[in-house]
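Asks: Can you read through this structure? Questions will come right after.
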Amino acid sequence: MILIGVTGWGDHQSLYPEGTKSTEKLKLYSGFFPVVEVDSSFYAIQPLKNYQKWIKDTPDRFSFIIKAYQGMTGHSRGKIPFESTKEMFDLFKASIQPVREAGKMKAVLFQYPPWFECNKESVQMLRFTREMMEDIPVALEFRHQSWFLPEIRERTLEFMQDERWIHTICDEPQAGQGSVPSVIEPTSKDLTIIRLHGRNVHGWNNHGQENWREVRYLYRYNKEELTEWKRHVESLKERTKEIVVLFNNNSGGDAADNARQFIDMLGLNYEGLSPRQLDLF
Numbered sequence: 290m291i292l293i294g295v296t297g298w299g300d301h302q303s304l305y306p307e308g309t310k311s312t313e314k315l316k317l318y319s320g321f322f323p324v325v326e327v328d329s330s331f332y333a334i335q336p337l338k339n340y341q342k343w344i345k346d347t348p349d350r351f352s353f354i355i356k357a358y359q360g361m362t363g364h365s366r367g368k369i370p371f372e373s374t375k376e377m378f379d380l381f382k383a384s385i386q387p388v389r390e391a392g393k394m395k396a397v398l399f400q401y402p403p404w405f406e407c408n409k410e411s412v413q414m415l416r417f418t419r420e421m422m423e424d425i426p427v428a429l430e431f432r433h434q435s436w437f438l439p440e441i442r443e444r445t446l447e448f449m450q451d452e453r454w455i456h457t458i459c460d461e462p463q464a465g466q467g468s469v470p471s472v473i474e475p476t477s478k479d480l481t482i483i484r485l486h487g488r489n490v491h492g493w494n495n496h497g498q499e500n501w502r503e504v505r506y507l508y509r510y511n512k513e514e515l516t517e518w519k520r521h522v523e524s525l526k527e528r529t530k531e532i533v534v535l536f537n538n539n540s541g542g543d544a545a546d547n548a549r550q551f552i553d554m555l556g557l558n559y560e561g562l563s564p565r566q567l568d569l570f
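Encoded structure:
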């Protein structure tokens, strides 16, 4: 099965009629896509009521990829606002329990920062995190290229497989150490995640511009680039049962349109989606 969606559901204006309330957007979103990435969980551990509402707002077939809280991945370098690391993990796991019980959670996505290098300390952190997350499916996305250097790549993939990490394959600009190549290899027979960040090589790194984060994902995939990813997806589906493709190129509002185009290119037919909704191009 191939599921296609985008990261977050609030900023994709091409999906919603003008004046749509933010509280109504997920309901409308779930008429276009069968999966979404929850990004708000990265900035704060969400209250149960949020997840309960999101479950209620989406059909039974709908799924969530939940992004791990930033304190769990080392993005927040200061003191964590919890009594202990264990408490932080326990509160996060408790917060997502309603999604698990509803059968709507695919995985928790651990995206590590660009300074998370391949070294012994980082490997120990990954082992600790895997242990803390218990039986919850966890996906791993690197941002430092050291993990996929030619002499390290196979060991990284073997480690992920041995430790039960789902590989999050990236498409992103190749812009120095803080970016990784697209490694088209699954590490789980059950699930592989693909995140498409765009190819804005000039905007990828922070060069001191105030609006850096606003333009970093400013990119629209063309037909040739999507055809390239179609080939990758078709190759992967022979080696993993389920693939989730998430478009994150939304600085200019392109993610939803590219995702709908990709659904059309793959000839996918999700329950609840009409041909009219897909006929964009």
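What the sequence shown shows, in our numbering, is residues 290 to 570, in sequence order. Where is the CB? At the ideal position from N, CA and C, for every residue including glycine.
1) Just to confirm the assignment: which complete beta strand (DSSP E) runs, minimum length 3, are found wholly within the region 323 to 409?
2) Please list the segments of the beta strand (DSSP E) lying wholly inside the region 428 to 471, counting only runs of 3 or more residues, in order along the chain.
3) Name the two residues that bound the continuous beta strand (DSSP E) containing Leu535.
4) Using the Cβ count rule (16 or more neighbours within 10 Å means buried), how would you classify Pro306?
5) Can you tell me whether Arg509 is helix, strand or coil according to DSSP?
6) Classify Arg484 as helix, strand or coil using the three-state DSSP reduction.
7) Report the three-state DSSP secondary structure of Leu315 (helix, strand or coil).
8) Looking at the structure shown, is Leu557 part of a helix, part of a strand, or coil, going by DSSP?
9) Between His486 and the rest of its own chain, which residues show a CB-CB distance below 7 angstroms, the 5 nearest in sequence each way excluded?
10) I want to know whether the region 304 to 321 touches the region 361 to 373 - three or more CB-CB distances under 8 angstroms.
11) Taking the straight line between their C-alpha atoms, what separation do you get for Glu523 and Glu452?
12) Compute the beta-carbon to beta-carbon distance between Arg432 and Pro403, rounded to the nearest angstrom, for a pair I have assumed lies under 8 angstroms.
13) Closest to Glu527 by CA distance: which of Val388, His491, Glu474, Asp553 is it?
14) Comparing the CB of Gly367 with every heavy atom of the ligand SAH, is any distance shorter than 6 angstroms?
15) Leaving out the 5 sequence neighbours to the left and right, which residues in its chain are closer than 6 angstroms to Gly297 when beta-carbon positions are compared?
16) Give me the Cα-Cα distance between Phe551 and Glu372, rounded to the nearest whole angstrom.
17) Helix, strand or coil for Lys295? Go by DSSP, reduced to three states.
18) Between Ile483 and Leu398, which are expected to be in contact by the criterion C-beta below 8 angstroms, what is the C-beta distance as a whole number of angstroms?
19) Rounding to the nearest angstrom, what Cα-Cα distance links Gln463 and Val490 in this structure?
20) Can you give the Cα-Cα distance for Met414 and Tyr510, rounded to whole angstroms?
21) Once DSSP output is grouped into helix, strand and coil, what is the label at Ser411?
Replies: Reading from the atomic positions:
1) 324 to 327, 352 to 356, 394 to 400
2) 454 to 460
3) Position 246 of the sequence shown holds residue 535. Counting along the chain, the beta strand (DSSP E) containing Leu535 begins and ends at 531 to 536.
4) In the sequence shown, residue 306 corresponds to position 17, counting from 1. Exposed, by the Cβ-count rule.
5) Residue mapping note: residue 509 aligns to position 220 of the sequence shown, counting from 1. Of the three classes helix, strand and coil, the one that applies to Arg509 here is coil, per DSSP.
6) Within the sequence shown, numbered from 1, the residue matching residue 484 stands at position 195. It is a strand residue.
7) Here residue 315 corresponds to residue number 26 of the sequence shown, with the count starting at 1. Note: Leu315 maps to helix in three-state DSSP.
8) Counting from one through the sequence shown, the residue named residue 557 turns up at place 268. In the structure shown, Leu557 sits in coil (DSSP, three-state: anything other than H, G, I, E or B).
9) The count along the sequence shown starts at 1 and reaches residue 486 at position 197. Correct list, in chain order: Cys459, Asp460, Glu461, Tyr506, Asn537, Asn538.
10) no
11) Position 234 of the sequence shown, counted from the first residue, corresponds to residue 523. Position 163 of the sequence shown, counted from the first residue, corresponds to residue 452. C-alpha separation (whole angstroms): 26 angstroms.
12) Within the sequence shown, numbered from 1, the residue matching residue 432 stands at position 143. Within the sequence shown, numbered from 1, the residue matching residue 403 stands at position 114. Right, the Cβ-Cβ distance comes to about 4 angstroms (below 8 angstroms), so this counts as a contact.
13) Within the sequence shown, residue 527 is the residue found at index 238, counting from 1. Comparing Cα positions, the closest option is Glu474.
14) This structure simply doesn't include the ligand SAH, nor any ligand for that matter.
15) Stepping through the sequence shown from its first residue, residue 297 is reached at position 8. Result list for Gly297: Asp328, in chain order.
16) Working through the sequence shown from its first residue, we reach residue 551 at position 262. Working through the sequence shown from its first residue, we reach residue 372 at position 83. Cα-Cα distance, rounded: 45 angstroms.
17) Residue mapping note: residue 295 aligns to position 6 of the sequence shown, counting from 1. Correcting the residue type first, residue 295 is Val in the shown sequence and not Lys. Reduced to three states, the DSSP call for Val295 is strand.
18) Counted from its first residue, the sequence shown places residue 483 at position 194. Counted from its first residue, the sequence shown places residue 398 at position 109. Their Cβ separation, rounded to whole angstroms, is 12 angstroms, which puts Ile483 and Leu398 out of contact at 8 angstroms.
19) Residue mapping note: residue 463 aligns to position 174 of the sequence shown, counting from 1. Residue mapping note: residue 490 aligns to position 201 of the sequence shown, counting from 1. Cα to Cα, Gln463 sits roughly 7 angstroms from Val490.
20) As a first step, residue 414 must be located in the sequence shown, where it is residue number 125. As a first step, residue 510 must be located in the sequence shown, where it is residue number 221. Distance between the alpha carbons of Met414 and Tyr510 is about 35 angstroms.
21) As a first step, residue 411 must be located in the sequence shown, where it is residue number 122. Ser411: helix per DSSP, three-state reduction.
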